[in-house]
Amino acid sequence: MCSENPKVVCVFLNKKRKLQTTRSWQFLGLEENGIVPKDSIWEKARYGEDTIIGNLDTGVWPESESFNDKGIGPIPTKWRGHGVCQLNNLHGSSKLPCNTKLIGARTFYKGFEATYDVKIKPQFTNARDMEGHGSHTLSTAGGSFVPGVSISGNGFGTAKGGSPKARVAAYKVCWPNFSETIRGGCFDADILAGFEAAISDNVDVLSVSANPKKPRELFSDSFSVGSFHAAARGIVAINSAGNAGPLPETVASVVPWMITVAASTIDRSFATYVALGDKKHLKGSSLSPKGLPSQKFYPLINAEDAKLAKADATDAKSCNAGTLDAKKVNGKILVCQKHKYSSAALQGQVASNASAVGLVLGNDKTAGNDVVALPHVLAASNLNFTDGEYVYSYLRRTKKPMAYLTKAKTELKVKPSPMMAAFSSRGPNIIFPSILKVSLL
1 MCSENPKVVC VFLNKKRKLQ TTRSWQFLGL EENGIVPKDS IWEKARYGED
51 TIIGNLDTGV WPESESFNDK GIGPIPTKWR GHGVCQLNNL HGSSKLPCNT
101 KLIGARTFYK GFEATYDVKI KPQFTNARDM EGHGSHTLST AGGSFVPGVS
151 ISGNGFGTAK GGSPKARVAA YKVCWPNFSE TIRGGCFDAD ILAGFEAAIS
201 DNVDVLSVSA NPKKPRELFS DSFSVGSFHA AARGIVAINS AGNAGPLPET
251 VASVVPWMIT VAASTIDRSF ATYVALGDKK HLKGSSLSPK GLPSQKFYPL
301 INAEDAKLAK ADATDAKSCN AGTLDAKKVN GKILVCQKHK YSSAALQGQV
351 ASNASAVGLV LGNDKTAGND VVALPHVLAA SNLNFTDGEY VYSYLRRTKK
401 PMAYLTKAKT ELKVKPSPMM AAFSSRGPNI IFPSILKVSL L
């Protein structure tokens, strides 16, 4: 509701919001085999030199090489947040972890405290990122050049952000779970405080990767109010579309003066192949450093057929913890179904605990064709819905199903690309249907 008090514009409920590489920039045409052409946008924009990027998220891990300040000059004189570095040190050093790259770090938690009527202990109120989300989003926007990067030997190259010479500042407005009853999140009061601090510090760009479950009217939306203040000061605010796809009308970022960014693939995959006993080869994805003990076929079993007597068949098919009979799984490749909200890494751990030698994760309809490369604890491959259904069909019609899994391999120039990620939220805008939000892939 709006107030008659001249010092208060409006009052609305303090609600919780939810949190939402080495080749990406080559795929976008900014470089080629590590060489940046003279006509590259990077060259024209001087790699974002002295641009200040603020990030409203879970904080920052200052020791990450993405935030090193090698070769970066003095902090721009336009920066007004000098001396504010609310970060603790890992090894008892008296020197604050901020530098000429990571030029500031602030925390905002009064809205979180008020929601649960608690006080966060002082040792937990610093801006250090204990979840990884903020460090990920901030380094994607403005991470420094970090050579020799790979994941288990895959995707080798130089990691960097979109503006690798930009300065970055972290505004921690999102908090982890502290207990079963005190659940974390990003609260409106803290989000607004973060926006106002970033504006006061004179950032050039604001990145926000959090969203409400559903869009709200502009006057009662913290992102709308905060980003409007930023836009009025010439600060560009960027927001994620949301992770509620592929259903329509799921886009949460509908504020007209914010840039909305969707999620899509690039032309690189981390491929693993599932070879079935009927000579069918299916391409999946994984970042598992593990390979099968030898290049031979292993028995293949549907997780539903490997369930404990008292376990629910649907839970077993999804490889939920406590549902599988290790005697049935031992020495076999286990087939589990992955839906949109599955924790694929946890499914791999459950399979490993049940003594499986490998894991095939077949997508259901909700996950569709969106395969995910994750560093599993055993040889694994995530297949799209169509190929996953083929595996289930093979299991049903074969008396002694067998399979083999190849080790993950980096493949480039994959077609078609880009493809919209299945999880990425879709339009149209349910608050203002007449406004078409343009999402950047």
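All residue numbers for the sequence shown refer to the UniProt record's numbering, where the first residue is 1 and numbers rise by one.
Backbone N, C-alpha and C fix where the C-beta goes; we use that ideal spot for every residue, glycine too.
Using CA atoms only, rank isn't needed, just tell me which of the options is closest to residue i.
i, options, result
"residue 207", "324, 402, 290 and 259", "259"
"residue 110", "187, 162 and 350", "187"
"residue 51", "35, 358, 141 and 113", "141"
"residue 435", "286, 368, 363 and 251", "251"
"residue 54", "420, 236 and 264", "236"
"residue 229", "285, 241 and 202", "202"
"residue 209", "373, 238 and 432", "238"
"residue 212", "433, 242, 137 and 102", "242"
"residue 421", "197, 370 and 167", "370"
"residue 428", "314, 247 and 345", "247"
"residue 234", "261, 265 and 200", "200"
"residue 103", "122, 73 and 125", "73"
"residue 498", "374, 367 and 262", "This structure cannot speak to residue 498, because the chain is shown only from 1 to 441."
"residue 232", "249, 205 and 217", "205"
"residue 69", "167, 124 and 84", "167"
"residue 196", "217, 176 and 225", "225"
"residue 135", "174, 121, 125 and 122", "174"
"residue 393", "217, 276 and 227", "276"
"residue 112", "95, 178 and 123", "178"
Report all residues from its chain with a CB closer than 6 Å to the CB of residue i; omit the five preceding and five following residues, and keep chain order.
i, result
"residue 267", "27, 413, 414 and 417"
"residue 381", "272, 274, 284, 286, 360 and 405"
"residue 451", "What the structure shows of the chain is the stretch from 1 to 441, and residue 451 is not part of that stretch, so it cannot be assessed."
"residue 165", "47, 48 and 49"
"residue 350", "319 and 321"
"residue 328", "306"
"residue 139", "66 and 161"
"residue 423", "243 and 245"
Spatial neighbours of residue i within its chain, please: CB distance less than 7 Å, with the 5 preceding and 5 following residues excluded, ordered by chain position.
i, result
"residue 300", "332, 333, 335, 395, 401, 402 and 403"
"residue 127", "59, 60, 86, 87, 105, 106, 107, 170 and 172"
"residue 303", "316, 317, 319, 324, 334, 335 and 336"
"residue 215", "252, 254, 430 and 431"
"residue 118", "182"
"residue 18", "Residue confidence is low: residue 18 scores 47 on pLDDT, short of 50, so the model does not pin down where it sits. No coordinate-derived value is stated."
"residue 163", "47, 48, 51, 53, 141 and 142"
Exposed or buried, what is residue i when buried is set at 16 or more other beta-carbons lying within 10 Å of its beta-carbon?
i, result
"residue 82", "exposed"
"residue 398", "exposed"
"residue 405", "buried"
"residue 442", "Residue numbering for the chain in the displayed model covers 1 to 441; residue 442 lies beyond these limits and cannot be assessed."
"residue 281", "exposed"
"residue 341", "exposed"
"residue 358", "buried"
"residue 244", "buried"
"residue 386", "exposed"
"residue 278", "exposed"
"residue 376", "buried"
"residue 77", "exposed"
"residue 425", "buried"
"residue 115", "buried"
"residue 312", "exposed"
"residue 132", "exposed"
"residue 20", "With a pLDDT of 42 at residue 20, under the threshold of 50, the modelled position of this residue cannot be trusted, and the question is left open."
"residue 80", "exposed"
"residue 262", "buried"
Keeping to the same chain, check which residues put their C-beta closer than 8 Å to that of residue i; ignore five residues upstream and five downstream.
i, result
"residue 30", "36, 40, 41 and 42"
"residue 326", "353, 354 and 355"
"residue 63", "90 and 97"
"residue 296", "404"
"residue 409", "154, 270, 271 and 272"
"residue 298", "292, 331, 332, 333, 357, 358, 402, 403 and 404"
"residue 100", "69, 72, 73, 74, 75 and 167"
"residue 123", "88"
Which whole-angstrom value is the C-beta distance of residue i and residue j, which I expect to be below 8 Å?
i, j, result
"residue 161", "residue 143", "4 Å"
"residue 255", "residue 223", "6 Å"
"residue 293", "residue 152", "That belief does not hold up - the Cβ atoms of residue 293 and residue 152 are roughly 18 Å apart, past 8 Å."
"residue 383", "residue 362", "5 Å"
"residue 137", "residue 57", "5 Å"
"residue 264", "residue 130", "With 8 Å as the limit, residue 264 and residue 130 do not qualify as a contact, their Cβ atoms being about 29 Å apart."
Would the beta-carbon of residue i be found less than 7 Å away from any heavy atom of the ligand MN?
i, result
"residue 422", "Because no ligand of any kind appears in the structure shown, any question about the ligand MN cannot be addressed here."
Taking only runs of the beta strand (DSSP E) that begin and end inside the region 186-254, which ones reach a length of at least 3 residues, in chain order?
205-208 and 236-240
Alpha helix (DSSP H) segments (min. 4 residues) lying fully within the region 69-126:
110-116
Please give me, in chain order, every unbroken run of the beta strand (DSSP E) with length at least 3 that falls completely inside the region 283-322.
298-302
Which ranges would you report for the beta strand (DSSP E) in the region 330-403 if only whole runs of at least 3 residues count?
333-338, 358-363 and 379-383
Unbroken beta strand (DSSP E) runs of length 3 or more, entirely within the region 150-183: which are they?
154-159 and 167-172
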